[in-house]
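*Asks:*
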Amino acid sequence: MTDDNTIDVKNNFNHLITEEKNKHTVYCTKCPSKILSSTMGKHLRIEFNLPHMSQKKNCESVECELLADYWMVPDMYMFDNIGFSKTVESGIKYLICADCEIGPIGWYDDNTKQSYVALSRVKHVEDS
Amino acid sequence: MAKKSYDLLFKLLLIGDSGVGKTCILFRFSDDAFTTTFISTIGIDFKIKTVELQGKKIKLQIWDTAGQERFHTITTSYYRGAMGIMLVYDITNEKSFENIVKWLRNINEHANEDVEKMILGNKCDMDDKRVVSKSRGEGIAREHNISFLETSAKANINIEKAFTDLTLSILNKTPGREPTDVPEKINIDRKSDRLSNRCC
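First to last, the protein sequences are chains A and B.
Numbering-wise, the first sequence is residues 152 to 279 according to my numbering.
Numbering-wise, the second sequence is residues 19 to 218 according to my numbering.
(1) Is Ile188 of chain B near the ligand NAD, going by C-beta to nearest heavy atom under 7 Å?
(2) Name the chain A residues whose beta carbon is nearer than 9 Å to that of Asp63 of chain B?
(3) For Ile247 of chain A, which residues in chain B fall below 8 Å Cβ to Cβ?
(4) Among A:Ile233, A:Lys174, A:Val276, which one has its Cα closest to the Cα of Tyr267 of chain A?
(5) Quick check: is the beta carbon of Ala20 of chain B nearer than 8 Å to any beta carbon in chain A?
(6) Report the neighbours of Asp231 of chain A on chain B: residues whose CB is nearer than 7 Å to its CB, in chain order.
(7) Return no unless some Cβ of chain A is closer than 8 Å to the Cβ of Leu27 of chain B.
(8) What number of angstroms, rounded off, separates the C-alpha of Pro225 of chain A from the C-alpha of Thr169 of chain A?
(9) For Glu216 of chain A and Leu195 of chain A, which I take to be in contact (beta-carbon distance under 8 Å), what is that distance rounded to the nearest angstrom?
(10) Going by Cα to Cα distance, which pick from B:Thr94, B:Gly102, B:Ile175, B:Ser151 is closest to Asn124 of chain B?
(11) Less than 8 Å between the beta carbons of Gly39 of chain B and Asn117 of chain B, yes or no?
(12) Start and end of the beta strand (DSSP E) containing Ser266 of chain A?
(13) Does His203 of chain A get closer than 8 Å to chain D when you measure Cβ to Cβ?
(14) Which residue marks the beginning of the alpha helix (DSSP H) containing His128 of chain B, and which one marks its end?
(15) According to DSSP, what are the bridge partners of Lys170 of chain B?
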């Protein structure tokens, strides 16, 4: 819907994966910030309840979305640009865009030092 | 293990009184009328940004002190590993400027002695409310031999330059970067100068 070479990720993720890695460069969906270079993330299917990027105001409970497809990044310095929230529970931090701060786009586990970026919350653009 | 995707890694800190706009320099909470971003209620811990300078790919890990701005709460553990510090005051707040000296003392006590420092006079877009002149900012920076910039996080003035300048000063003293940058050699020369002076 945006750029011509932006790839739709709504349903099937197979076309985004090459040898278990991210085939394309990962960008923020809301701003031009580059998040992850191609092949830096490993595709993992793991169920995690990620809070919605927008929450209703004056609503006490946090609404989440159960997502299962993530790019696992073993070392935080492999990201080009990324932000980390404060720890929310048992070593979990949420990942956000380092520039516009939209998020969560994934989560980070301080116990394993691994980061997980939700495929459905980022934009995949073919390297030119 | 994955290949290393960068040449250097620098840890930077933002320090200064609360309300001077440190958080705005690094963090820009977006908040529209209908929804509140979930993250703004939790708060941000740190960011990783990648810059390329002098052909080197440099990862910056940038920390803010949000919520623990009183001197006694910022101690050695916070400064550990820091290679660059941005010391921020607000040009519309006299007290925040006066406290720069206290922050410098705190840094000298707790941070690594070769940490690169930079003083930022923030909110320079609010000239009508200014109480600290630019020359006073320059003066204190000169006195402590630290570089200085006036910035506006709101109007995006000099923010990029502040990060680039601080990163460059760290880069320029990173050992092994230039084969000619051998401090021992300079020391030996100085010593021999002093010796010959004494002889005369």
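Even for Gly, the Cβ is constructed at its ideal location relative to N, Cα and C.
*Replies:* Looking at the coordinates:
(1) As presented, the structure is devoid of all ligands, the ligand NAD included, so that no description of it is given.
(2) Gly234, Phe235, Ser236, Lys237, Thr238, Lys244
(3) Ile57, Ile62
(4) A:Ile233
(5) With a pLDDT of 48 at Ala20 of chain B, under the threshold of 50, the modelled position of this residue cannot be trusted; read the value that follows with caution. Ala20 of chain B counts as touching chain A.
(6) Thr68
(7) yes
(8) 17 Å
(9) Incorrect: roughly 17 Å between the Cβ atoms, too far for contact.
(10) B:Thr94
(11) no
(12) 265-269
(13) Absent from the structure is chain D; the protein chains it does hold are A and B.
(14) 112-128
(15) Per the sequence shown, the amino acid found at residue 170 of chain B is Ser instead of Lys. According to DSSP, which records beta bridges pairwise, Ser170 of chain B is partnered with B:Ile175.
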